[in-house]
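Reviewing the structure listed below.
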Ligand SMILES: O=c1ccn([C@@H]2O[C@H](COP(=O)(O)O)[C@@H](O)[C@H]2O)c(=O)[nH]1
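Residue numbers (this note's numbering): 398 to 635.
Following this line, the structure appears as structure tokens:
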């Protein structure tokens, strides 16, 4: 998990995802399956990608009452993903129920998937959080609060911006995972993301894993782009 670059497989269907993956040939990747692809293809897409040897982050961001999240996680655990997530805003009891569900659904002898909590989406700004969510603190305070709630609930880490990773690690310890989307090269379009950081910044800040979507998936040469990203993330200068 540590130092992974997770590619966000944000495609409309299996054919588009397979077309993107074809030039990577035998390479084993860490792939994120999100709502768009999962809601179209269901568990079969996860099984297919696992069979090909990829690691899977199933990014469904569960947020519901504890009983529903427990049952849903029990089902997700059977897919044998490597990483799943919930929204920390669902609260400590919901997060504990998520873990109970994962443990109940994990086959004997296997390790349960890592479970992390979204703190504040990387598309959320200070203003949006204050004015629309009516949370009257700074964004950093809100993220740190949710990280501490997730840690106390027993979760393995959080989704946050790379900008917040250092303070989360100081508070929760370096083994608590910080999985960070909203990563952009200086030359990239930011799009809908608000709290962005470069891969170099993420590395220097001790981020556990970065999530990269459009900068690779929409590139004219995804394999070359992936290699450039890996070099930037690992600090290899070419
Ligand atoms: O706070 C969050 C949580 C999840 N995401 C997901 O990460 C990728 C980012 O894609 P880019 O194209 O690199 O912006 C996407 O799948 C989101 O659903 C996030 O961005 N922020």
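C-beta: ideal position from N, C-alpha, C; glycine also.
Nothing here was measured: the structure is a model prediction, and the numbers come from that model.
In the DSSP assignment, residue 464 falls within the alpha helix (DSSP H) that extends over 463-474. Three or more Cβ pairs closer than 8 angstroms define a contact, and the segment 624-635 meets that threshold against the segment 586-605. Rounded to whole angstroms, the separation of the alpha carbons of residue 490 and residue 462 is 9 angstroms. When DSSP states are grouped into helix, strand and coil, residue 557 belongs to the coil group. Proximity to residue 438 across 419, 464, 406 peaks at 406, based on C-alpha coordinates. Judged by DSSP secondary structure, residue 614 falls within the alpha helix (DSSP H) whose first and last residues are 611-614.
For residue 523, the enclosing alpha helix (DSSP H) starts and ends at 523-528. The beta carbons of residue 451 and residue 426 sit closer together than 8 angstroms. If you draw a straight line from the Cα of residue 535 to the Cα of residue 420, it is about 44 angstroms long. According to the DSSP assignment, residue 547 belongs to the alpha helix (DSSP H) that extends over 536-549. Residue 493 sits in a helix when the DSSP states are folded into three classes.
Residue side-chain check: residue 590 places its Cβ nearer than 7 angstroms to a non-hydrogen atom of ligand 1. In terms of Cβ geometry, residue 519 and residue 578 form a close pair [threshold 8 angstroms]. The three-state reading of DSSP puts residue 426 in coil, since its state is none of H, G, I, E or B. Judged by DSSP secondary structure, residue 625 falls within the alpha helix (DSSP H) whose first and last residues are 619-631. If you check the C-beta of residue 604 against ligand 1, you find no heavy atom less than 7 angstroms away. In the structure shown, residue 606 adopts extended strand secondary structure according to DSSP, grouped into three states. Less than 8 angstroms separates the beta-carbon of residue 453 from that of residue 478. Here the segment 536-556 makes contact with the segment 486-501; the two share three or more CB pairs at distances below 8 angstroms. Annotated as distal: residue 567 and residue 575, with beta-carbon spacing of 8 angstroms or more. Under DSSP, residue 404 shares a beta bridge with 428, 609.
Taken through DSSP and simplified to helix, strand or coil, residue 568 comes out as helix. Its Cα nearest to that of residue 414, the residue 611 stands out among 634, 611, 589.
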